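Asker: Residue numbers (this note's numbering): 181 to 501.
One structure coming up, written as structure tokens, with questions to follow.
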Amino acid sequence: MPTALVTGGAGFLGSQLVDALLARGLRVIVLDDLSTGSLDNLRHLEDEPRLRFVEHDVQTPFPDGLRSVEFDCIFNLASPASPRHYQAQPVRTLLTNVLGTKHGLELALHTKARFFQASTSEVYGEPSQHPQHETDLGRVDAGNARACYAEGKRAAETLCFDFAREHGVDVRVARLFNTYGPRMALDDGRVVSNFLVQALRGEPLTIHGDGQQTRSFCYVTDLVEGMLAFAQRDLRTHGPINLGNPEELSVLDLATRVLRLVGSPSTLTHHAATAGDPRMRRPDIDRARELFGFAPATSLDLGLRLTLEDLRPRTTQRDAA
């Protein structure tokens with residue numbers, strides 16, 4: 181039976197990937213230190229015999245027992261992904277990305293597995309072109325408080341390409357744009373979950389800056405389909421490949437949609453703009469579309485509704501505790 185390793189598999193995105201891999205008949209081993217992930221995201225799989233969970237910090241070498249497993253693919257998702265989380269531990273965030281990727285690549289080399297690196301649109305920084313194409317070299321201020329994540333992911337990409345050149349590891353580097361959906365943590369800190377939880381509680385929706393900054397939001401199952409298509413097909417490219425939804429809207433527009441969906445009396449409150457926060461974010465997905473037919477299908481309105489259905493009972497339960 182083909183076996184996949186998913187680092188960060190107890191997280192919001194990682195657990196959705198685990199579901200999809202199991203649905204395709206694979207056996208899955210999850211590595212996660214539970215610093216930002218949660219076993220609650222895997223609770224529905226506790227009786228699944230094809231799933232094994234290993235609590236482990238990827239900054240340290242992977243358990244020796246994994247070296248005897250014949251992995252089909254190693255998916256590297258181990259990293260805080262929310263600004264709230266990665267700015268709280270910037271050194272740990274950068275080292276998790278660099279050392280975790282190094283250790284994963286070493287395991288891929290030993291087991292002859294394909295290695296999928298979940299990179300990020302943050303490597304573009306303040307982009308030089310719009311929408312962002314993979315040829316954009318990016319502009320990131322290394323002294324900015326957000327740089328630990330962007331630069332950690334950028335260094336991880338370099339490691340992937342160097343392992344491919346030097347050792348022949350079959351790597352796939354995907355740059356993931358804003359993703360949302362069920363299992364986002366209530367304190368995730370990203371704008372979709374922030375707005376939905378604040379609207380459910382009747383609290384003001386927090387907007388940093390004027391709200392005219394734009395984002396492009398991809399529903400999680402659409403993104404996972406793109407990840408699997410890129411990871412599992414025989415292609416002649418290591419990437420990078422953009423994965424995301426090219427539908428672009430302002431943060432103010434998102435706030436309006438959330439208030440309408442929830443039927444909330446919440447108002448909007450503006451705070452100072454976040455340093456290093458890009459003004460525009462929209463993926464050019466032509467390469468992904470041409471190579472493996474990637475085409476996000478979930479509308480923002482439907483995706484927000486499905487996310488709200490997941491967040492509502494958890495928010496109520498948390499507030500009642």
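Cβ atoms here follow ideal geometry from the backbone N, Cα and C, with glycine treated the same way.
It should be emphasised that the depicted structure is a prediction, and the values quoted were computed from it without experimental measurement.
Pick helix, strand or coil for N374, following the three-state DSSP scheme.
Answerer: Reading the sequence shown from its first residue, position 194 is the one you call residue 374. Correct three-state label for N374: helix.
Asker: Tell me which residues share the same chain as G318 and place their Cβ nearer than 6 Å to its Cβ, disregarding the 5 neighbours each side in the sequence.
Answerer: For the purposes of this step, residue 318 is taken as the residue at position 138 of the sequence shown. Contacts found: V303, Y304 and G305.
Asker: Per DSSP, what are the beta-bridge partners of R461 in this structure?
Answerer: Sequence index remark: in the sequence shown, residue 461 carries index 281 (1-based). Beta-bridge pairing links R461 to no other residue.
Asker: If you count every other CB in all the chains shown that lies within 10 Å of the CB of E235, and 16 or more means buried, which is it?
Answerer: Counted from its first residue, the sequence shown places residue 235 at position 55. Flag for E235 reads exposed.
Asker: Using the Cα positions of C328 and Q267, report the straight-line distance between them to the nearest angstrom.
Answerer: Position 148 of the sequence shown, counted from the start, is the residue given in the question as residue 328. Position 87 of the sequence shown, counted from the start, is the residue given in the question as residue 267. When rounded, the distance between both Cα atoms is 8 Å.
Asker: How do the stretch 213-225 and the stretch 188-203 stand: do at least 3 beta-carbon pairs fall below 8 Å, yes or no?
Answerer: Yes, since at least three Cβ pairs between the stretch 213-225 and the stretch 188-203 fall closer than 8 Å, the two stretches touch.
Asker: Pull up the distance between the alpha-carbon of H290 and that of T359, whole angstroms please.
Answerer: In the sequence shown, residue 290 corresponds to position 110, counting from 1. In the sequence shown, residue 359 corresponds to position 179, counting from 1. Between H290 and T359, the C-alpha separation is close to 32 Å.
Asker: Short of 7 Å in beta carbon distance, which residues of its chain neighbour L415, apart from the five on each side in sequence? Order them along the chain.
Answerer: The residue given as residue 415 occupies position 235 in the sequence shown. Within the same chain, L415 has close Cβ partners L471.
Asker: If we ignore side chains and look at the alpha-carbon of each, how far apart do S444 and N422 end up?
Answerer: In the sequence shown, the residue the question calls residue 444 occupies position 264. In the sequence shown, the residue the question calls residue 422 occupies position 242. Cα to Cα, the separation comes out at about 35 Å.
Asker: Mind checking which residues open and close the beta strand (DSSP E) that includes N221?
Answerer: Translated into positions along the sequence shown, residue 221 becomes position 41. Note, N221: premise wrong, no beta strand (DSSP E); not H, not E.
Asker: Using 10 angstroms around the beta-carbon of D244, count the other beta-carbons present and answer buried if the total reaches 16, otherwise exposed.
Answerer: Position 64 of the sequence shown holds residue 244. Result: exposed.
Asker: In the DSSP assignment, find the alpha helix (DSSP H) that holds D433 and state where it starts and stops.
Answerer: Numbered from its first residue, the sequence shown carries residue 433 at position 253. From DSSP, the alpha helix (DSSP H) with D433 extends over V431 to V442.
Asker: Quick one: measure Cβ to Cβ for A452 and F375, integer angstroms, because I've assumed they're closer than 8 Å.
Answerer: Stepping through the sequence shown from its first residue, residue 452 is reached at position 272. Stepping through the sequence shown from its first residue, residue 375 is reached at position 195. Actually they are not in contact, since the Cβ atoms of A452 and F375 sit about 18 Å apart, beyond 8 Å.
Asker: Whole angstroms is fine: what's the gap from E489's alpha carbon to A258's?
Answerer: Counting from one through the sequence shown, the residue named residue 489 turns up at place 309. Counting from one through the sequence shown, the residue named residue 258 turns up at place 78. E489 and A258: Cα-Cα distance of roughly 27 Å.
Asker: What is the DSSP secondary structure of L201, reduced to helix, strand or coil?
Answerer: Taking the first residue of the sequence shown as position 1, residue 201 is located at position 21. Helix.
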